[in-house]
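K.L.:
In my numbering, the protein residues as written are 70 to 248. I am attaching a structure below and will ask some questions about it afterwards.
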Amino acid sequence: TSNLVLGALNTEPADSSGVAGFAISSLGIGTHTITLTVTDTEGLFSSALLLLDVQEPTEEENTAPTVSITNPTDGTEFTEGDTALFAAIVGDAEDEVTDLDIQWSSSIDGLLDGGEPDDSGYVAFTTTALSVGAHTVTVTVTDSEGLEANAMVIVNIEEPTPEPEPAENTAPSVTVTNP
70 TSNLVLGALN TEPADSSGVA GFAISSLGIG THTITLTVTD TEGLFSSALL
120 LLDVQEPTEE ENTAPTVSIT NPTDGTEFTE GDTALFAAIV GDAEDEVTDL
170 DIQWSSSIDG LLDGGEPDDS GYVAFTTTAL SVGAHTVTVT VTDSEGLEAN
220 AMVIVNIEEP TPEPEPAENT APSVTVTNP
């Protein structure tokens with residue numbers, strides 16, 4: 070019995086090894102004195118007391134999201150104007166991946182137009198607009214509580230190799246070798 074709940078919490082007999090138990094979810098907040106009373110077939114009994122403190126439920130602690138860049142790898146080189154694929158896997162223990170705020174940025178070009186994650190957390194986008202230079206591309210993921218995670222990759226954008234200049238156009242030559 071409990072001092073805050075009238076009546077027996079469990080009247081089932083112990084199993085063959087003498088173990089008895091119960092589960093209850095209706096105890097209110099506060100300290101309960103649980104009394105276990107065992108009575109044998111001749112009416113003799115013994116009791117034990119347990120103090121059980123039921124507390125207010127606590128909110129789960131928010132954890133930061135996760136992010137890992139899967140493409141490109143560090144040090145990848147592109148030629149200016151080439152299509153560069155950027156991809157990452159994002160996640161969060163508390164929020165759906167589609168509810169996360171995802172920002173991609175370049176140390177040279179600023180904010181990049183990144184994509185939205187699918188249900189598995191895969192997010193990707195392509196761009197042809199990176200300027201020449203060594204870029205640190207960062208993806209920042211923010212959850213609904215404002216916690217962030219970052220990942221970065223360094224890519225090099227090189228100037229295109231100039232096309233060789235065509236040779237100066239000259240008149241063809243001809244030689245007659247037989248009359």
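Glycine is no exception: its CB is placed at the ideal position from the N, C-alpha and C atoms.
Closest to glutamate 185 by CA distance: which of Gly112, Val210 and Ile103 is it?
P.N.:
Glutamate 185 has its Cα closest to that of Val210, out of Gly112, Val210 and Ile103.
K.L.:
Compare the Cα-Cα distances from aspartate 182 to each of Ala198, Thr142 and Ser242 and report the closest residue.
P.N.:
Answer by Cα proximity: Ala198.
K.L.:
Leaving out five residues on either side along the sequence, give the residues of the same chain with a beta carbon under 7 angstroms from the beta carbon of serine 175.
P.N.:
In chain order, Leu181, Leu199, His204 and Val206 place their CB closer than 7 angstroms to the CB of serine 175, counting only its own chain and leaving out the 5 sequence neighbours on each side.
K.L.:
Could you pull the DSSP bridge partners for isoleucine 250 from this structure?
P.N.:
The first residue shown for the chain is 70 and the last is 248, placing residue 250 beyond what the model contains.
K.L.:
Can you look up valine 245 in the DSSP assignment and give me helix, strand or coil?
P.N.:
Note: valine 245 maps to coil in three-state DSSP.
K.L.:
Measuring CA to CA, which of Gly90, Leu154 and Thr127 is closest to isoleucine 98?
P.N.:
Thr127
K.L.:
Taking buried to mean at least 16 other C-beta atoms within 10 Å of its own C-beta, is valine 88 buried or exposed?
P.N.:
Per the 10 Å Cβ criterion, exposed.
K.L.:
Would tyrosine 191 and isoleucine 158 be called neighbours here (beta carbons separated by less than 7 angstroms)?
P.N.:
yes
K.L.:
Suppose the cutoff is 7 angstroms on Cβ atoms and the five residues either side in sequence are ignored; what does the same chain contact list for glycine 150 look like?
P.N.:
Thr197 and Pro229
K.L.:
Can you check DSSP and say which residues form a bridge with leucine 118?
P.N.:
Thr104
K.L.:
Would you kindly check if the distance between the Cβ of leucine 120 and the Cβ of threonine 102 is under 7 angstroms?
P.N.:
yes
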